[in-house]
Each structure stands twice: as structure tokens, then as C-alpha cells.
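One structure below.
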Amino acid sequence: MKKVLVLFLAFFLPLGAFAADREVYVFNWSQYIDPAVLDLFKKETGIEVKYSTFESNEALFAKLKILKKNGYDVAFPSTYFVERMRRLGMLKPLDHAKLPNMKNLNQGLLNKPYDPDNAYSVPYMWGSSAIGVNAKVVDPSTVTSWDDLWNPAYKGKVLLMDDVRDVFAMSLRSLGYSGNETDPARLKEAYKKLLKLKPSVKVFNSDSPKQPFLNNEVVIGQIWGGEVYQANEENPDIKYIYPREGATFWADNMVIPASTRNIDHAHAFIDFMCRPDIAKMNCEYVGYATANAKAQEMLDEKTRNHKAVYPDKADLDRGEFQTDVGEAIMTYEKYWELLKTQ
Amino acid sequence: MTRGSRFRNFAIGSPMLWIAVFVVVPYLIVVLFSFLTRDPEGIVTWTLTLENYREIFSPVFLKVCGNSFILALGTTALTLLLAYPFAYILTRIDENVRRFLLVLMIIPFWTSSLIRTYALIILFKANGLLNTFLLATGLISEPISILYTETAVFIGLVYTLLPFMILPLYASLLKLDRRLMEAARDLGATSRHVFFHIVLPLTLPGIIAGSTMVFLPALGLFYIPDLLGGARSMLIGNFIKNQFLTTSNWPLGSAASVVLTLLMFLLLVWFFISTRRAHSGDMETVK
Amino acid sequence: MKKVFQSAYLAFIFLFLYVPIIVLVIYSFNTSRFSTNWQGFTLDWYRMLFTDGPLMEAFANSLIIALSSSTIATVLGTLGAFAFYRYRFLGRQVMYSFVYVLMMSPDIVMGISLLMFFITIGLSVGVTTLLLAHVTFCLPFVVVTVYARISGFDRHIIDVAKDLGASELQMFRHIVLPMLMPAIIAGWLLSFTLSLDDVIVSFFTTGPSFEILPLKIYSMVRLGIKPEINALSAVMFLVSLVTVTAAHFFFAKENK
Numbered sequence: 000m001k002k003v004l005v006l007f008l009a010f011f012l013p014l015g016a017f018a019a020d021r022e023v024y025v026f027n028w029s030q031y032i033d034p035a036v037l038d039l040f041k042k043e044t045g046i047e048v049k050y051s052t053f054e055s056n057e058a059l060f061a062k063l064k065i066l067k068k069n070g071y072d073v074a075f076p077s078t079y080f081v082e083r084m085r086r087l088g089m090l091k092p093l094d095h096a097k098l099p100n101m102k103n104l105n106q107g108l109l110n111k112p113y114d115p116d117n118a119y120s121v122p123y124m125w126g127s128s129a130i131g132v133n134a135k136v137v138d139p140s141t142v143t144s145w146d147d148l149w150n151p152a153y154k155g156k157v158l159l160m161d162d163v164r165d166v167f168a169m170s171l172r173s174l175g176y177s178g179n180e181t182d183p184a185r186l187k188e189a190y191k192k193l194l195k196l197k198p199s200v201k202v203f204n205s206d207s208p209k210q211p212f213l214n215n216e217v218v219i220g221q222i223w224g225g226e227v228y229q230a231n232e233e234n235p236d237i238k239y240i241y242p243r244e245g246a247t248f249w250a251d252n253m254v255i256p257a258s259t260r261n262i263d264h265a266h267a268f269i270d271f272m273c274r275p276d277i278a279k280m281n282c283e284y285v286g287y288a289t290a291n292a293k294a295q296e297m298l299d300e301k302t303r304n305h306k307a308v309y310p311d312k313a314d315l316d317r318g319e320f321q322t323d324v325g326e327a328i329m330t331y332e333k334y335w336e337l338l339k340t341q
Numbered sequence: 000m001t002r003g004s005r006f007r008n009f010a011i012g013s014p015m016l017w018i019a020v021f022v023v024v025p026y027l028i029v030v031l032f033s034f035l036t037r038d039p040e041g042i043v044t045w046t047l048t049l050e051n052y053r054e055i056f057s058p059v060f061l062k063v064c065g066n067s068f069i070l071a072l073g074t075t076a077l078t079l080l081l082a083y084p085f086a087y088i089l090t091r092i093d094e095n096v097r098r099f100l101l102v103l104m105i106i107p108f109w110t111s112s113l114i115r116t117y118a119l120i121i122l123f124k125a126n127g128l129l130n131t132f133l134l135a136t137g138l139i140s141e142p143i144s145i146l147y148t149e150t151a152v153f154i155g156l157v158y159t160l161l162p163f164m165i166l167p168l169y170a171s172l173l174k175l176d177r178r179l180m181e182a183a184r185d186l187g188a189t190s191r192h193v194f195f196h197i198v199l200p201l202t203l204p205g206i207i208a209g210s211t212m213v214f215l216p217a218l219g220l221f222y223i224p225d226l227l228g229g230a231r232s233m234l235i236g237n238f239i240k241n242q243f244l245t246t247s248n249w250p251l252g253s254a255a256s257v258v259l260t261l262l263m264f265l266l267l268v269w270f271f272i273s274t275r276r277a278h279s280g281d282m283e284t285v286k
Numbered sequence: 000m001k002k003v004f005q006s007a008y009l010a011f012i013f014l015f016l017y018v019p020i021i022v023l024v025i026y027s028f029n030t031s032r033f034s035t036n037w038q039g040f041t042l043d044w045y046r047m048l049f050t051d052g053p054l055m056e057a058f059a060n061s062l063i064i065a066l067s068s069s070t071i072a073t074v075l076g077t078l079g080a081f082a083f084y085r086y087r088f089l090g091r092q093v094m095y096s097f098v099y100v101l102m103m104s105p106d107i108v109m110g111i112s113l114l115m116f117f118i119t120i121g122l123s124v125g126v127t128t129l130l131l132a133h134v135t136f137c138l139p140f141v142v143v144t145v146y147a148r149i150s151g152f153d154r155h156i157i158d159v160a161k162d163l164g165a166s167e168l169q170m171f172r173h174i175v176l177p178m179l180m181p182a183i184i185a186g187w188l189l190s191f192t193l194s195l196d197d198v199i200v201s202f203f204t205t206g207p208s209f210e211i212l213p214l215k216i217y218s219m220v221r222l223g224i225k226p227e228i229n230a231l232s233a234v235m236f237l238v239s240l241v242t243v244t245a246a247h248f249f250f251a252k253e254n255k
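Residue numbers (numbering that gives the first Met the number 0), protein chains in the order written: chain A, 0 to 341; chain B, 0 to 286; chain C, 0 to 255.
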């Protein structure tokens with residue numbers, strides 16, 4: 000019995016007690032980096048990557064807010080969470096001198112409103128959310144606007160994201176406002192319009208919106224470009240349409256949380272991820288659009304030209320990146336609760 | 000100090016210390032939070048307020064509570080109906096086989112619940128296995144929609160929570176003294192009589208344990224209803240999660256959690272008092 | 000006739016429990032990367048599974064945590080149920096109420112409050128805090144299961160044992176424990192199952208150096224669950240099934 004106890008303690012106590020100095024702690028979605036990249040990084044720098052995962056931006060934010068020290072060295076939050084974390088002092092500023100490979104990045108994705116001059120973040124992968132249709136049932140040429148979701152012909156066949164910001168951004172854009180609106184009157188208007196759409200909605204899903212399309216449960220709805228790209232491997236009839244009001248764009252970014260253990264290792268890792276050959280490996284492994292222009296050029300033509308993944312410039316310019324709406328999020332949530340309980 | 004009292008102290012001390020440190024103290028943090036004010040720049044400010052509780056009692060919250068309550072109650076009733084005969088039959092089997100079947104029952108639950116829910120989607124979806132099967136056998140001529148209906152939600156919840164009903168029922172049914180039932184039958188009682196007047200009262204602790212272990216977790220569950228039901232409505236679990244994660248309004252989320260606890264607590268107290276009357280002597284203790 | 004009906008009912012419940020798992024096992028051989036519709040047969044996912052070091056490590060970590068937390072929770076919970084039943088002590092009712100409070104606390108509330116608590120007492124998050132958290136949320140399920148069995152006991156058995164001069168410990172060990180065994184096993188099985196599947200509480204209470212399987216699985220949702228996970232679930236299911244069956248026949252023979 001005593002032996003068991005000793006073995007038990009021997010297992011549980013030492014872990015966490017020492018933080019080895021040749022390690023970098025990365026906090027990311029699972030399978031969001033090619034494992035071969037992590038091995039290469041260790042081989043070249045001698046720094047071992049400890050990879051942990053989160054399941055939503057919100058959860059990542061809450062955890063980093065509580066952890067004050069001994070946390071993670073590099074995290075991968077999406078667009079407006081970068082802004083919120085930066086505003087709340089949860090991030091360390093980046094030293095661009097230590098990130099020479101940033102020059103390889105797609106200039107069209109830098110210096111966005113959520114992080115001017117990229118003082119705190121470096122984009123990694125990016126994409127959009129727009130309209131998906133099943134071409135077997137809906138003629139794609141008849142769908143050009145977010146308003147088409149309100150078409151009574153699609154009653155009971157519509158999919159919306161299960162995310163307050165994505166759903167309101169769509170409604171706001173269709174009314175001609177910004178998807179990052181904070182004016183309560185306009186939010187109310189967007190809510191009123193969504194109320195009319197609610198009876199048509201079959202499912203709210205932002206985990207994997209391609210599934211209800213592939214399962215023939217819905218024929219039209221919001222979806223991510225990357226999901227359409229994946230869905231087309233099984234069903235080429237799922238089409239992606241950038242609405243004329245503009246799609247919503249997002250980017251996942253590399254940041255250094257304030258709770259970092261080793262800021263030098265963090266910089267070394269971020270810079271490594273910006274190397275074109277590395278970015279290409281990751282992009283091929285994950286299947287999303289890389290923020291690395293050099294890497295994009297190295298991709299095969301089919302992927303590089305898939306419009307759902309890499310929109311042309313006009314669609315990109317028409318669209319909008321999500322930014323933090325600050326305290327207005329309370330109003331969003333109130334209307335979201337009302338919408339869901341109707 | 001005698002050996003007996005040393006054991007007594009250990010038996011009381013170790014679990015109570017654990018509960019005090021890891022349950023009571025963190026819960027007090029939640030209670031404290033529910034009286035503080037949300038801080039847009041941080042987490043909370045140290046201004047005491049009752050505002051969170053005032054805000055909670057809105058029509059939206061009541062509706063959310065109502066939805067969750069109905070779902071949890073329905074799930075509890077269904078699992079009880081399915082599990083009771085199962086546990087009962089199980090206890091009448093030879094000991095070796097019985098234990099084997101018990102473990103066999105739990106093995107599917109060692110697979111991630113998310114993966115199991117995905118498997119249910121494969122079964123239920125419009126072009127899924129169930130529809131394909133029914134169409135092939137000619138039982139239906141059009142695919143029936145199961146996914147994103149209440150039926151799917153209940154099947155999913157029952158499927159996930161069934162062992163939480165079966166295991167306590169099994170454990171308490173196992174001690175049922177069969178001689179008692181035989182004696183009653185010898186005295187001319189009908190099967191129905193034996194069941195309602197002997198079996199049911201004697202297994203009441205198991206029924207209560209199983210029902211609370213299904214009902215309480217079912218109240219907070221939301222991802223199974225969301226995945227299988229289409230997330231068109233909001234449950235208390237979503238509501239609380241959104242306060243903590245979407246709006247970072249931890250005080251309001253805490254208040255919602257405290258109110259939920261209090262509501263359920265009143266319900267349980269009422270339940271225990273009424274069952275204790277029916278089954279007196281249960282909570283009686285010695286020094 | 001009655002026997003046939005009873006067997007049929009057992010078969011029905013087992014069918015209900017096993018059909019989704021069988022679907023899962025079949026689909027683990029599906030070529031489709033997103034495993035919605037059947038595209039063809041492959042063994043690739045199994046090949047990838049056994050070369051995926053981090054995934055196997057997370058799986059091993061999950062097993063270690065589930066085994067140890069359910070065992071600790073079962074010991075504590077059994078003692079607790081016994082104490083609630085037999086002894087009267089200060090705060091008994093309050094403590095018993097907290098068992099239920101814990102059971103209905105939403106995961107997010109438990110996760111965040113435990114994390115804040117650990118940080119406040121200066122414990123850095125990692126395997127230790129994860130273990131503490133898992134024991135904590137398993138505890139009420141053991142207490143309630145064991146208490147349900149103990150509360151139906153004939154109190155006289157204990158009194159007789161005491162009259163014969165048994166100490167509390169002897170009485171607990173030789174009288175109470177054997178009678179509680181079915182409930183203890185049931186409580187352990189529930190705890191093990193709960194611990195193996197927990198996501199939210201684990202997310203908040205583990206640290207950067209310790210990754211467990213459910214976190215990995217849930218975090219895959221956004222990019223699509225890898226079919227490797229189906230393969231892993233299938234392997235685990237079949238290994239458990241074979242082990243349990245083998246153990247059953249081994250012990251059945253021995254008992255004869």
C-alpha cells in the first residue's frame with residue numbers, strides 16, 4: 000500500500016514543478032499545426048513545443064484572463080478577441096525586429112482595425128463566412144444577397160451559425176450597416192429582421208455547418224469558406240456565394256499572452272511559423288487559407304484558385320473583418336436570448 | 000482514544016474536509032461573485048449590488064428555466080421507465096453473468112459523448128441509416144425527419160444519461176429480500192400489489208438516487224440538445240455559459256447559477272420531506 | 000414466457016446502447032475524411048492513429064486521470080456516505096446539501112470557480128489540479144449511489160455487530176463494506192465514465208503541460224473531427240469488450 004502511495008506521489012508531484020527552459024507552450028485548436036512542423040522546430044532550435052488545445056475563443060479568453068503567470072507562450076485567438084485581449088492588457092507587444100519573416104505575409108491582411116500595425120498579433124490562417132447553397136435544390140445564380148435567406152421558399156431549410164456575432168453581422172449587413180455595429184437602435188432593427196427569419200431556420204450550427212448541408216437537412220445558409228472546400232470533397236453541389244453586401248472575414252492570429260514563461264522562445268516560434276516553407280506545410284495539413292503570401296504562391300493551382308478559400312480582391316474589399324464591439328456585446332446577447340427563446 | 004473513534008474521525012474527516020475545501024469554498028466564490036459588479040476592463044469590481052438578481056428575474060430567464068426543466072423532467076421519466084425493468088431483470092440473473100452484463104452496459108459510455116452523438120446523427124439524419132433502412136423495408140415511402148426534432152433530443156439525452164439511472168437502481172434493487180415478495184404472494188397478494196406495496200417502496204432510495212443523478216445533470220446539459228435539436232431554443236446551460244464566455248458577465252452568470260441551485264434545492268427539500276413521510280426512518284442516525 | 004420477455008427486454012436495451020457504437024466502428028473504416036456518408040473502405044485511419052504520438056499520449060493521460068480520480072472519489076465517497084448515514088456531526092446536513100449543489104453546478108461555473116480557487120491558494124494548474132477537480136465532480140455520484148444502498152439497510156445488523164464487541168473499523172470492514180460492494184462498484188464505474196468524458200472543467204483546471212483526450216476531441220470540432228478519433232474509439236471499445244469478456248469467462252471458470 001505504501002509503495003503504491005509513493006509511486007503515486009512520484010507520478011503526480013514533480014510534473015508542473017519544473018518548467019524546463021527549452022520549451023515553448025502553445026495554446027491552439029487541435030490539429031491546427033502540422034506535427035512535422037513541431038518536430039522541425041525542435042530539430043532546428045532545440046526548443047520543444049508543448050501543444051495544448053482549446054475549443055472556443057471565448058473559453059481561451061476566460062482562461063487567459065484568470066491565469067496570471069506560468070501560462071502559455073503563444074496562443075491563437077481569432078480576429079476580435081485579439082482586440083479585446085489587447086485592450087485588457089492580456090497580451091505582450093511583439094518585437095518586430097525578432098520577426099524578420101513577417102515580410103512574407105499577405106499585406107492585405109496586415110494592419111487591420113482589430114490590431115493596427117500588428118503591434119500584438121501576426122495572422123496565421125484566415126477565411127470568410129458567407130452563403131452556402133445546395134445547387135441540387137437552389138439555383139446558385141439566383142442567390143446574390145443575404146436577403147435571399149429570407150426567401151419563403153426556403154422555409155425550414157435554412158442554416159444559421161450558432162454565434163451571436165456572426166448572425167447579427169449578417170442581418171446588419173443586409174440592412175446596410177456595419178457588421179460591427181454598436182448602435183442599440185440598429186441592433187434592434189437587426190433583431191426585428193432576424194425574428195422574421197427564425198421560423199425558417201432549421202438549425203443553428205457553427206461547429207461544423209457543412210454537416211447539415213451534406214446530410215441534406217438544409218439547402219441554404221451561412222457557412223465558412225473552408226467548410227465548403229472540405230464539403231466539396233464529398234459533394235461538389237455545395238456552392239459558396241459571396242453576397243453583394245459583403246462577407247464577414249476572420250483571421251486566426253498568433254499572440255503572446257501576458258502570462259508567458261519565455262518571451263524569446265515565443266518570438267522564435269512565431270517567426271518560424273512565418274517561414275514560407277513552414278506556412279506551406281501547415282496550410283496543406285489544415286486546408287485553410289494561409290496568411291503567408293509566399294506560401295500561397297507555392298501551392299498547387301487548384302487550391303490557390305478555389306474561390307471559397309481565396310476570394311478575389313473585390314470580394315475581400317467588399318467584406319469586413321470582425322472587430323470588438325466593447326460593451327455593446329451586452330445588447331447583442333440580450334437580443335440573442337430573445338431570439339432564441341421566441 | 001479508542002480505535003473506533005479514530006475510524007469515526009477518519010470516516011467523517013476525510014470526505015468532509017474534501018467537500019469543505021473543494022466544494023464549499025469554490026461555491027462561496029460563486030456566491031460572492033453574484034453580489035459584485037461586472038467590470039468591463041477586468042472581471043469584477045468590489046461594489047456590492049443586488050442588481051444581478053434583479054436582472055435575472057426576467058421573462059427570458061424564466062422561459063429558459065422552464066425549457067430546461069421540462070426537458071430534464073421528461074428525460075428523467077423516460078430513463079426511469081427504461082432503466083427500472085432493466086435493472087430489475089439484471090438483479091435476478093446469476094451473479095457472474097449479472098456483473099458481466101453490468102460492465103457490458105457501461106462500455107459504450109467510455110467513448111466520448113461527442114463522438115457518440117455524432118453517431119446518432121449518422122443514424123437519424125435525412126439520408127441516414129435509419130431512414131435508409133425504413134425506406135428499404137418499405138415501412139415508409141418518404142424519409143421521416145428525426146434529426147432536429149424533440150424526439151431526437153430526448154433519445155440523445157436518454158442515451159447519454161441511462162447508466163446514471165441503471166447503476167443506482169441496480170445497487171439498491173440488489174438488496175431486495177425476495178422472501179418478502181414470496182411471503183406476500185403466499186398470503187394472496189397479486190403481482191401488482193406486490194410491486195406497488197413492497198417492491199416499489201423498498202427500492203425508493205434507488206429511484207430517488209437515480210432520478211436526482213439524471214435530473215440535476217440534465218438541467219445543465221446543452222450540447223446534446225443543441226447538436227440533435229438544432230439549437231433553436233436556449234437552455235439554462237447555454238444561458239449561464241453565455242454570461243461567462245460571450246459577455247464576460249461573471250456576476251450575472253454566478254447569480255443565475257445560485258438561483259438555479261436554490262430553486263432545485265427547494266424542490267429537493269420538498270421531495271425529501273414528502274418521501275420521508277412515506278418512508279420514515281431513512282435519515283435517522285446514531286451518534 | 001416470462002423469461003423470454005425478460006431476455007428480449009435486455010436485448011432491446013443493449014441494442015439501443017450498442018447500435019451507435021457499432022455504427023462508429025463501421026465508419027472508422029470509411030474513406031471519407033469527414034465521415035458523414037460512406038465513401039469506401041480503408042485502414043488508413045488506424046495507421047495514422049498508431050503513429051500519432053500526441054494523441055496517444057493524451058489518451059494515456061486521460062486513462063491515468065480517470066483511473067486515479069475514480070478510485071480516490073470512490074474511497075472518499077464511500078466513507079462519506081457511511082459517515083452521513085451513521086454519524087451525527089456538526090454541519091452534516093449542510094455538507095450533505097453541498098453534495099447535491101455540486102451535482103447540479105453547470106460545468107462552466109465549476110471550472111471557473113475551481114480555477115480561481117487554485118490560483119488563489121497558489122497552486123499552479125497541471126496534473127495535480129486536474130486530479131483534484133476530477134475527484135471533486137465524481138464525488139457526489141459515489142456518495143448518492145452508496146447512500147441509496149446503505150439507507151435501505153437493516154440497522155440491527157450494525158447494532159448486533161457492535162454488541163458482539165466489534166470496533167467501528169471492524170464493523171465497517173467486515174459488515175458494511177461487503178454489503179455496499181454493488182453500490183461501490185456502481186459508483187466507481189460512474190466516476191470512471193464521467194472522468195473520461197469531461198471537457199469544460201478539465202479545460203479550466205489543467206495546465207499547459209498536461210493534455211487529455213476529451214479536450215483534443217472537442218477542439219477538433221472546428222476543423223472537423225479526425226477519423227483517427229473514430230479509429231481510437233473503436234480500438235478502445237473493442238479492447239474493453241475483449242478484456243471484460245475474457246475476465247468474465249476466466250473468473251466464471253474459476254468459480255466452478
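All C-beta atoms, glycine included, are put in the ideal place defined by N, C-alpha and C.
What would DSSP say about residue i, mapped onto helix, strand or coil?
i: C/Phe-88; result: coil
i: B/Met-282; result: With a pLDDT of 40 at B/Met-282, under the threshold of 50, the predicted position of this residue should be treated as unreliable, though the coordinate-derived value follows. Coil at B/Met-282, not helix or strand.
i: B/Arg-37; result: strand
i: B/Pro-200; result: helix
i: A/Pro-112; result: coil
i: A/Met-0; result: Reliability fails at A/Met-0, whose pLDDT of 46 lies under 50, so the model's placement of it is uncertain and no value is given.
i: A/Pro-13; result: In this prediction, A/Pro-13 has a pLDDT of 44, which is less than 50 and means its spatial position is unreliable; nothing more can be read from the coordinates.
i: A/Ser-144; result: coil
i: A/Met-253; result: strand
i: B/Glu-50; result: helix
i: A/Thr-351; result: Since the first residue shown for chain A is 0 and the last is 341, residue 351 of chain A is missing from the structure and cannot be characterised.
i: C/Tyr-17; result: helix
i: B/Thr-44; result: strand
i: C/Val-198; result: coil
Inspect the beta-carbon positions of residue i and residue j and report whether they are closer than 7 Å.
i: A/Phe-248; j: A/Gly-175; result: no
i: A/Trp-346; j: C/Ser-201; result: There is no way to answer for residue 346 of chain A, as the model of chain A reaches only from 0 to 341.
i: A/Val-308; j: A/Gly-224; result: yes
i: C/Thr-128; j: C/Phe-117; result: yes
i: C/Ser-69; j: C/Ile-211; result: no
i: B/Ser-232; j: B/Pro-204; result: no
i: A/Ala-129; j: A/Ala-288; result: no
i: A/Asp-161; j: B/Ala-230; result: yes
i: A/Cys-273; j: A/Asn-100; result: yes
Which first and last residues belong to the beta strand (DSSP E) in which residue i is found?
i: A/Phe-203; result: 200-203
i: A/Leu-158; result: 157-159
i: A/Gly-220; result: 219-223
i: A/Glu-216; result: That residue, A/Glu-216, is in no beta strand (DSSP E); it is neither H nor E in DSSP.
Would you give the residue range spanned by the alpha helix (DSSP H) that residue i belongs to?
i: B/Val-157; result: 149-172
i: A/Lys-41; result: 34-44
Throw me the rounded Cβ distance for the residue i and residue j pair, which I believe falls under 8 Å.
i: A/Val-166; j: A/Leu-158; result: At roughly 11 Å, the Cβ-Cβ gap does not stay under 8 Å, so A/Val-166 and A/Leu-158 are not in contact.
i: C/Leu-146; j: C/Ala-80; result: Position check: residue 146 of chain C holds Tyr in this sequence, whereas Leu was assumed. Sure, about 4 Å apart at Cβ, within 8 Å.
(request) Within the segment 220-272 of chain B, note down every full alpha helix (DSSP H) run reaching 4 residues or more, in order along the chain. (result) 222-228 and 235-244
(request) Identify every run of the beta strand (DSSP E) within the segment 46-134 of chain A, keeping only runs that are complete inside it and at least 3 residues long; order them along the chain. (result) 47-52 and 121-133
(request) Give, in chain order, every unbroken run of the alpha helix (DSSP H) that is at least 4 residues long and sits entirely within the segment 274-339 of chain A. (result) 275-285, 292-297, 300-303 and 312-317
(request) Taking only runs that begin and end inside the segment 115-172 of chain C, name each unbroken alpha helix (DSSP H) of 4 or more residues, in chain order. (result) 126-149, 154-162 and 167-170
(request) With a floor of 4 residues, list each alpha helix (DSSP H) that falls wholly inside the segment 62-131 of chain B, ordered by position along the chain. (result) 94-105 and 112-123
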